[in-house]
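Asker: Quick one: the structure is below, questions incoming.
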Amino acid sequence: MKILFAASEAAPFVKSGGLGDVIGALPAELSKNKDNEVAVIIPYYGQLKQNPDIEYMTSFYMPLAWRNTYVGVFKAVVKSKGSVRTKASNVTYYFIDNEAYFGRDSLYGYIDDGERFAYFSKAILETLVNIDFDPDIIHCNDWQTGFLPLFLKALYSKVEKLQKVRTVFTIHNIEYQGKADKSFLPEVLGIDESWRNVATQDNCINAMKSAIVLCDKLTTVSETYSHEIQYAYFAHGLEAIISENQYKTCGIINGIDTSLYNPSTDPKLEYNYRPASMAGKAKCKAQMQEMLGLPVRDDVPMVAMITRLVKHKGLELVEWVADNLATMGIQFVVLGTGDKHYEELFKFLAYTHHDTVSAQIMFDPVMANRLYAASDFFLMPSKSEPCGLSQLIAMRYGSVPIVRETGGLVDTVAPLNIETLEGRGFTFKVFNAHDMLGAVERAAEFYKDKAKLEKHRKAIMKLDTSWREPAEKYMMLYSEIAQG
Ligand code: GLC
Numbered sequence: 120m121k122i123l124f125a126a127s128e129a130a131p132f133v134k135s136g137g138l139g140d141v142i143g144a145l146p147a148e149l150s151k152n153k154d155n156e157v158a159v160i161i162p163y164y165g166q167l168k169q170n171p172d173i174e175y176m177t178s179f180y181m182p183l184a185w186r187n188t189y190v191g192v193f194k195a196v197v198k199s200k201g202s203v204r205t206k207a208s209n210v211t212y213y214f215i216d217n218e219a220y221f222g223r224d225s226l227y228g229y230i231d232d233g234e235r236f237a238y239f240s241k242a243i244l245e246t247l248v249n250i251d252f253d254p255d256i257i258h259c260n261d262w263q264t265g266f267l268p269l270f271l272k273a274l275y276s277k278v279e280k281l282q283k284v285r286t287v288f289t290i291h292n293i294e295y296q297g298k299a300d301k302s303f304l305p306e307v308l309g310i311d312e313s314w315r316n317v318a319t320q321d322n323c324i325n326a327m328k329s330a331i332v333l334c335d336k337l338t339t340v341s342e343t344y345s346h347e348i349q350y351a352y353f354a355h356g357l358e359a360i361i362s363e364n365q366y367k368t369c370g371i372i373n374g375i376d377t378s379l380y381n382p383s384t385d386p387k388l389e390y391n392y393r394p395a396s397m398a399g400k401a402k403c404k405a406q407m408q409e410m411l412g413l414p415v416r417d418d419v420p421m422v423a424m425i426t427r428l429v430k431h432k433g434l435e436l437v438e439w440v441a442d443n444l445a446t447m448g449i450q451f452v453v454l455g456t457g458d459k460h461y462e463e464l465f466k467f468l469a470y471t472h473h474d475t476v477s478a479q480i481m482f483d484p485v486m487a488n489r490l491y492a493a494s495d496f497f498l499m500p501s502k503s504e505p506c507g508l509s510q511l512i513a514m515r516y517g518s519v520p521i522v523r524e525t526g527g528l529v530d531t532v533a534p535l536n537i538e539t540l541e542g543r544g545f546t547f548k549v550f551n552a553h554d555m556l557g558a559v560e561r562a563a564e565f566y567k568d569k570a571k572l573e574k575h576r577k578a579i580m581k582l583d584t585s586w587r588e589p590a591e592k593y594m595m596l597y598s599e600i601a602q603g
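Take 120 as the starting number for the sequence shown in my numbering and just add one per residue.
Here it is, written out as structure tokens:
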């Protein structure tokens with residue numbers, strides 16, 4: 120099967136969050152099946168222009184409403200060799216070039232983001248008309264590619280080359296929908312009034328809504344999230360549309376790149392370790408304590424948070440009981456950047472409790488892996504969480520998750536039974552600060568039983584959280600809709 124992933128980011132080229140990780144890993148996994156031909160298409164952002172692996176391919180002009188716009192297409196091929204246990208992968212990356220839209224410092228956050236990604240979505244289809252690649256499936260991701268199914272149906276239905284294409288749309292986060300003014304339909308998209316209803320939600324043109332309605336299959340990045348977004352609490356206004364389209368919806372949990380996140384080979388760690396030889400983990404912890412200026416002690420559990428410092432990650436709960444966390448006999452380490460309010464909160468907490476709290480207000484992938492390795496527990500009290508990847512990485516590094524029961528956290532972290540050691544982590548249900556604190560207290564208590572802790576750690580490190588199974592599920596989904 121031929122599959123094209125359309126997205127606004129893809130590791131290793133460009134990544135601002137979990138979406139980039141997914142688009143970096145899932146296509147590679149699918150390409151291990153030699154019957155598949157897999158490609159990814161993303162914008163050619165300013166920051167990619169220095170990348171020597173990316174080569175010019177072709178260019179043409181494309182009509183977009185009343186304008187005629189330039190579309191450049193660049194290309195790179197990423198292969199992995201494979202090993203005794205893993206097969207080789209081979210993914211072609213295409214990049215859409217337009218200096219005015221994408222030659223900027225950041226990926227998002229501009230006043231014309233709607234127009235930039237509308238252009239991108241149409242340019243993808245126009246590229247397929249112009250190059251020698253005929254996908255059976257275009258797999259769109261989040262609002263940035265939400266207008267693609269609309270363009271396909273409204274403007275390309277008579278183009279022979281695209282007639283067999285079927286679309287999958289994946290919601291990674293329903294909060295960001297790509298909303299635009301009513302005039303956007305004729306002025307920017309150049310699509311006629313007969314499509315207005317499909318593209319409109321609450322008096323706005325809405326990229327995500329039109330994709331939900333027009334795609335052939337809708338997926339979310341965990342099963343629980345696919346149910347949650349039928350409710351107003353999670354759906355940011357789209358609950359009715361989600362419910363109406365349940366018949367074509369399913370949730371497929373994300374995996375992680377287990378060759379990249381592997382404590383036994385991770386070059387970012389000073390000391391490597393694996394279930395059969397765990398000494399390195401204690402050394403990683405001692406080294407981290409020393410580096411952060413915390414007392415080097417093995418009898419005190421280290422609880423880590425690695426996150427964007429924004430409200431829906433559950434930081435209001437942490438704020439509410441911040442003093443308790445600082446004085447309950449744990450070491451609490453936070454790594455991340457985000458809202459000034461939370462950055463200041465953690466800096467102040469670390470200043471007033473320098474023996475128990477460390478605030479690393481930065482984005483630092485090396486430090487992140489070292490903290491996964493050093494920590495005993497990993498706190499993720501999210502208000503909502505479509506999937507979450509950090510809890511999977513934490514488990515791979517033997518850090519026991521403490522999570523709120525929402526979205527992908529429900530599907531990946533079953534509550535731990537401390538007698539039988541069934542389950543995976545410490546969980547709490549209600550979005551309440553003291554319920555979270557209770558879960559941290561239970562974790563700290565569990566830490567005292569070193570034998571049990573060690574046994575459980577090894578068990579979660581051995582879990583298969585790779586892309587193997589999720590990729591199989593996507594293949595089944597593609598097969599259901601492909602026209603052959
Ligand atoms: C978004 C979600 C996160 C998910 C990621 C990848 O960032 O917030 O939960 O893991 O997308 O799908």
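Here a beta-carbon is modelled for each residue, glycine too, at the ideal position from N, C-alpha and C.
Residues in its own chain within less than 8 Å of ASN316 by CB, not counting five upstream and five downstream?
Answerer: Same-chain partners within the cutoff: there are none.
Asker: Quick one: residues with CB closer than 7 Å to any heavy atom of the ligand GLC, in chain order, please.
Answerer: Every residue passing the under-7 Å Cβ criterion appears here: GLY136, GLY137, LEU138, ASP140, VAL141, HIS291, ASN292, VAL340, ASN373, GLU504, PRO505, CYS506, GLY507, LEU508, GLY526 and GLY527.
Asker: Between ILE331 and LEU267, what straight-line distance do the alpha-carbon atoms span, to the nearest angstrom?
Answerer: Spanning the two alpha carbons is a distance of roughly 11 Å.
Asker: Do ARG576 and GLY517 have their C-beta atoms within less than 8 Å of each other?
Answerer: Yes, they are a contact pair.
Asker: Measuring alpha carbon to alpha carbon, tell me which of GLU524, TRP586 and VAL519 ends up nearest GLU564.
Answerer: GLU564 has its Cα closest to that of VAL519, out of GLU524, TRP586 and VAL519.
Asker: If contacts are defined as beta-carbon pairs under 8 Å, then TYR461 and LEU434 qualify, I think. What distance do you get, rounded to the angstrom?
Answerer: Yes, they are in contact, since the Cβ atoms of TYR461 and LEU434 sit about 5 Å apart, within 8 Å.
Asker: Going straight from the alpha carbon of ALA126 to that of TYR295, what length do you get?
Answerer: Rounded to the nearest angstrom, the two C-alpha atoms are 14 Å apart.
Asker: Would you mind listing the beta strand (DSSP E) stretches within the stretch 255-283 that are 3+ residues and don't spill past its ends, in chain order?
Answerer: You should have 256-260.
Asker: Roughly how many angstroms separate the alpha carbons of MET595 and CYS369, rounded to a whole number?
Answerer: Roughly 12 Å separates the two Cα atoms.
Asker: Of all the options ALA354, SER585 and ASP335, which has the alpha carbon lying nearest to the alpha carbon of TYR344?
Answerer: Out of ALA354, SER585 and ASP335, ALA354 has the C-alpha closest to the C-alpha of TYR344.
Asker: Nearest-angstrom Cα distance between ARG235 and PRO505?
Answerer: Roughly 25 Å between the two C-alpha positions.
Asker: Any idea if TYR366 is buried or exposed, counting beta-carbon neighbours within 10 angstroms, 16 or more meaning buried?
Answerer: The residue is exposed, with fewer than 16 neighbouring Cβ atoms inside 10 Å.
Asker: Within the stretch 446-487, note down every full beta strand (DSSP E) run reaching 3 residues or more, in order along the chain.
Answerer: List check, beta strand (DSSP E) in window: 450-454 and 476-479.
Asker: Can you give me the start and stop residues for the alpha helix (DSSP H) that MET594 sits inside?
Answerer: Start and end: 587-600.
Asker: LEU183 bridges to which residues according to DSSP?
Answerer: In DSSP, LEU183 forms a bridge with ARG186.
Asker: According to the Cβ coordinates, are PHE132 and LEU167 closer than 8 Å?
Answerer: Yes. Within cutoff.
Asker: Could you check whether LEU274 and VAL284 sit closer than 8 Å to each other, using their CB atoms as the reference points?
Answerer: Not in contact: VAL284 and LEU274 (Cβ atoms no closer than 8 Å).
Asker: Distance, Cα to Cα, GLY265 vs ILE122?
Answerer: Cα-Cα distance, rounded: 17 Å.
Asker: VAL429 and ASP458 - do their beta-carbons sit closer together than 8 Å?
Answerer: Against a cut-off of 8 Å, the Cβ pair of VAL429 and ASP458 comes out as a contact.
Asker: Within 10 angstroms of the Cβ of MET481, are there 16 or more other Cβ atoms? Answer buried if so, exposed if not.
Answerer: MET481 comes out exposed.
Asker: Count the other CB atoms, across all protein chains shown, that sit within 10 Å of the CB of ARG489; report buried if there are 16 or more and exposed otherwise.
Answerer: ARG489 comes out buried.
Asker: Indicate whether MET327 and GLY297 have their beta-carbon atoms separated by less than 8 Å.
Answerer: Contact flag set, yes.
Asker: Give me whichever residues DSSP pairs with ILE375 in a beta bridge.
Answerer: None; ILE375 has no bridge partner.
Asker: Do ALA578 and LEU540 come within 8 Å of each other at the CB atom, strictly closer than that value?
Answerer: Yes, the pair counts as a contact, with Cβ atoms nearer than the cut-off.
Asker: Compute the Euclidean distance between the alpha carbons of ALA395 and SER383, then round it to the nearest angstrom.
Answerer: Near 10 Å, if we compare the C-alpha coordinates of SER383 and ALA395.
Asker: Compare the C-alpha of LYS569 against each of ALA401, LYS336, ARG186 and ARG427 and name the closest.
Answerer: Closest by alpha carbon: ALA401.
Asker: Can you tell me the Cβ-Cβ gap for ILE512 and TYR380, rounded? I've got them flagged as a contact below 8 Å.
Answerer: So it is a contact: roughly 5 Å between Cβ atoms.
Asker: Quick one: give me the first and last residue of the alpha helix (DSSP H) that SER240 is part of.
Answerer: It spans 232-249 - the alpha helix (DSSP H) in which SER240 sits, taken as one unbroken run.
Asker: Pull up the DSSP beta-bridge partners for GLY370, would you.
Answerer: According to DSSP, GLY370 bridges with THR339.
Asker: Identify whether MET499 lies in helix, strand or coil by the three-state DSSP scheme.
Answerer: Three-state result, MET499: strand.
Asker: Write down the C-beta distance between GLU342 and TYR350 rounded to the nearest angstrom, noting that I regard them as a contact closer than 8 Å.
Answerer: The Cβ separation is near 15 Å, so there is no contact.
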